Each structure stands twice: as structure tokens, then as C-alpha cells.
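Undergrad: One structure coming up, written as C-alpha cells, with questions to follow.
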Amino acid sequence: MKVLSIDKIKRRIKLIPETSIDLLNIYRLIEPGDVVYSETTREVKKHRASGEVDSERIKIKIGIEVVKKIADPFMRRISLLGIIKHTDKEIDVIKKHHTIHLELEKPIEIESRMRFPLLLSLAKSTYRKVIHDVLCISIDDEKFAVIHISNSGVKILRTRELSPPVKGILQYQEEDTLSKNVDEVIKVIEEEIESRRKLELILLGPSVIIERFSKEIKAKRPEIGRLIKRQIRASSGGIDGLLEAMRMGSIGRHLKPLEDAFIVEETIRQVSKIPEKAKMGLEEVTKALSSGKRGLVLITEDYLWKLLGDERINSILSEAEKGRLELRIILSETEAAEKLDAFGGIVLINR
-13 MKVLSIDKIK
-3 RRIKLIPETS
7 IDLLNIYRLI
17 EPGDVVYSET
27 TREVKKHRAS
37 GEVDSERIKI
47 KIGIEVVKKI
57 ADPFMRRISL
67 LGIIKHTDKE
77 IDVIKKHHTI
87 HLELEKPIEI
97 ESRMRFPLLL
107 SLAKSTYRKV
117 IHDVLCISID
127 DEKFAVIHIS
137 NSGVKILRTR
147 ELSPPVKGIL
157 QYQEEDTLSK
167 NVDEVIKVIE
177 EEIESRRKLE
187 LILLGPSVII
197 ERFSKEIKAK
207 RPEIGRLIKR
217 QIRASSGGID
227 GLLEAMRMGS
237 IGRHLKPLED
247 AFIVEETIRQ
257 VSKIPEKAKM
267 GLEEVTKALS
277 SGKRGLVLIT
287 EDYLWKLLGD
297 ERINSILSEA
307 EKGRLELRII
317 LSETEAAEKL
327 DAFGGIVLIN
337 R
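For the sequence shown, the numbering used here begins at -13 and goes up steadily by one.
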């Protein structure tokens, strides 16, 4: 989430949601009575001197006093229904009904008298230094994958089989095969970095393979070689090598999917050693929290959207807001989320 401005006097925060988790956080903090500002379009009727009436759709900034909020788990959309209180144009819309749909990458401004401290806490928790996304080239002697990792998730851009080395062929033939594979990898890197700026490029795979590839890339294309910031060892390349490195925390923990993977893997290790330390499934987690147990609650993004209106989920969110437990939402469509779903979608780790 990007925080654009904070006005402590007006108790107003302007931000841009970047993921559906950001939408969930905003949803749970906005309450009826808050005022939300957003740019929108509205059809305005105009009366002509001739007596004719026509209409025009204009762009305006509207502020509504929230009356009701709705979360659509299927569309992953948050809607705020309310009464128009403010507008930056002199048109007759005050006190009329209007709905604001929260959208990714669209600025939203929230003014809250009662819950401003919680909004401020959310803003501070999401504030971070500029972090470059990762473009990972996961490679071995048979395959490679190009993966883009950002705070929004993990996106597999390319996977491809390479020409495998053949035992017994002459050395120059083996080097020719390597050279062709390097050329193919360079071509893919060029295509991907052209549309993405501020990337950290890393090579991942068996040490012998990535060292040879790195050397060849630097010899063929020095400017791309200079973009390679790290070489990370893994037992294999491709998707398997990436997942292995994410579980071990080898790539780092500076982006959300990397942190998610490490935390879920660490949780599984703890549970395997001390099973009674964990409560799995909503019923067990709710019962444990009711009895006074506290700790870290892991919940998948999909599971949270699905049960957002459930009172038990709302109770857990409320406890997290009050600082009585730590809550982490695991990004969907990741290996970490799949593993957590196997435990019921939600887990409490006693601390």
C-alpha cells in the first residue's frame, strides 16, 4: 500500500491500495460515519436557453459519509455506500446517494474521527523504503524459469526446457550448447527488463551452473551482467529451485511472498516438533482465543475473503487491531497458501 499523505489535524489519510489484502485492511477499518473521498464521474443535466435539457458526464471529486460497506468475495471488490457531503464542483449533488468502489491502484482518501489512530497505525505499518522487485532466473542444465517477485505476489513469466549436455561429446560441442542456452536466457531477460524498471536480477540454481551462466552472460552482454546482483545456490533450477529457495529464506524476506513462504515453512517445522503448540481450523482457533491463548494467527487471503462477514473472523480481526494477537494474511496462489489451506486455511501458533 502506498501512503500519499497524512493530515493529523483533519484526521485524514490518502493512500493507494496495491493488493487485495490492502482492500481488506481498508474495509475492516472504515466504519459508518467516516467520510471517504474519491475521484469519479457523474452525469449532470444542463438546461439550455432553448428549453432543451441535455446531460454531460464530468469528472469530480466527491466525499461521501459512509452509511454501509459491502465486500464481494467473488469479485474481490469493496463498495462504500453513502450520502454525498462534499464535492469540488458547484453541482447539485449534495445529500444525494453515491457508491464508491475501492479499486487497486486508485487513490482513496479517508477521514475518520473515531478510528484515525488505527488508520495511522495501518499507514505506518505499510510504510516502507523503496524496495526493488526481484526478477529471478532459476536455472540448471536442463531447464530455466523466469519469475517476477513483488509485494503483490509471485508471477511465473517463462518456463523452458534447455538443450541438455550430452556425455561423451567433444568439449567444443558442449560449450556450443551452453552458449546457445545462454543466448536464449539473455533474450528472455532483455524482453522482461524492458517493461520493468528498478529490478534486482538474481541467478538461482546449482552453483556450478549459475557460475558458468553468469560468466557467459557477462562476457556476451556486460550491461546485463552488471544487473546480476546475487547468485543463490539451490539443488535444482526451474520452479522447484525457486520454491526451495523461498522456503529456506535464501532469496531474502524483504518482499511479502518471500516472508510468507519462510513463516509458513517455519510454522510447519514448529508444529511437527510440538503439535500441541498449534490450533488449526476456524473452530479450534476461535476456541483457543476464547480461552485466553494468544500468539500468531496465519490466515490465507482466499479464506479471509470467503468468511469476511463471519462473526468469528471479525472477532479475530478486532483482537489484532487491539494488538492482542499478531495476524498475518498469506497471499493466495502461492505454495505457502496451499500448505496453509491443508491445515484449514487458518492456524494459531501459541507464543
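Ideal Cβ placement from N, Cα and C applies to all residues, glycine included.
Fair warning: this is a prediction, and the values are worked out from it, not measured in the lab.
1. When you compare the stretch 132 to 146 with the stretch 174 to 191, are there three or more beta-carbon pairs, one atom per stretch, that lie closer than 8 Å?
2. Quick check: the Cα distance between ILE70 and SER301, rounded to an integer number of angstroms?
3. Given ARG43, which residues of its chain have a CB within under 6 Å of its CB, disregarding the five upstream and five downstream residues?
4. Under DSSP, the alpha helix (DSSP H) around LEU241 begins and ends at which residues?
5. For ARG144, collect the residues of the same chain with a Cβ closer than 7 Å to its Cβ; drop the 5 residues on either side in sequence, then sort them by chain order.
6. Can you find at least 3 beta carbon pairs, one from the stretch 57 to 77 and one from the stretch -3 to 14, that sit closer than 8 Å?
7. Compare the C-alpha of THR5 against each of GLU319, PHE199, LEU90, SER221 and name the closest.
8. Does the beta-carbon of ALA231 have 16 or more other beta-carbons within 10 angstroms, so that it is buried, or is it exposed?
9. Confirm, please, whether the CB-CB distance from VAL21 to VAL52 is below 9 Å.
10. In the DSSP assignment, what are the bridge partners of TYR23?
11. Alpha carbon to alpha carbon, how far is LYS242 from THR163? Give it in angstroms, no decimals.
12. Got a sec, what are the start and stop residues for the beta strand (DSSP E) LYS81 sits in?
13. Per DSSP, which one or two residues make a beta bridge with GLN256?
14. What is the DSSP secondary structure of SER111, counted as helix, strand or coil?
15. Could you tell me if VAL171 is buried or exposed, where buried requires 16 or more neighbouring beta carbons within 10 angstroms of its beta carbon?
16. If we require 3 or more residues per run, which beta strand (DSSP E) segments fall completely within the stretch 254 to 336?
17. Can you look up THR163 in the DSSP assignment and give me helix, strand or coil?
18. Report yes if the C-beta distance between GLY211 and ILE203 is below 9 Å; otherwise report no.
19. Between the stretch 311 to 322 and the stretch 244 to 253, can you find at least three pairs of beta-carbon atoms closer than 8 Å?
20. With ILE7 as the anchor, note down where its alpha helix (DSSP H) starts and where it stops.
21. Buried or exposed for LYS129, going by 16 or more other Cβ atoms inside 10 Å?
22. Could you pull out every residue in the same chain whose Cβ sits closer than 8 Å to the Cβ of ILE77, ignoring the five residues on either side in sequence?
TA: Reading it off the structure:
1. By the Cβ criterion, the stretch 132 to 146 is in contact with the stretch 174 to 191, since at least three pairs of Cβ atoms, one from each stretch, lie closer than 8 Å.
2. 31 Å
3. THR27, GLU29
4. Where LEU241 is concerned, there is no enclosing alpha helix (DSSP H), given that its DSSP letter is neither H nor E.
5. Here the set comprises ALA131, VAL132, VAL174.
6. yes
7. Out of GLU319, PHE199, LEU90, SER221, LEU90 has the C-alpha closest to the C-alpha of THR5.
8. buried
9. yes
10. As computed with DSSP, TYR23 is found in a beta bridge with GLY49, GLU95.
11. Looking at the two C-alpha atoms, the distance is approximately 37 Å.
12. It is not in any beta strand (DSSP E) - LYS81 carries neither H nor E in the DSSP assignment.
13. According to DSSP, GLN256 bridges with nothing at all.
14. helix
15. buried
16. 264 to 266, 281 to 286, 312 to 316, 332 to 336
17. helix
18. yes
19. yes
20. 6 to 15
21. Classification for LYS129: buried.
22. ARG28, VAL30, ILE44, ILE46
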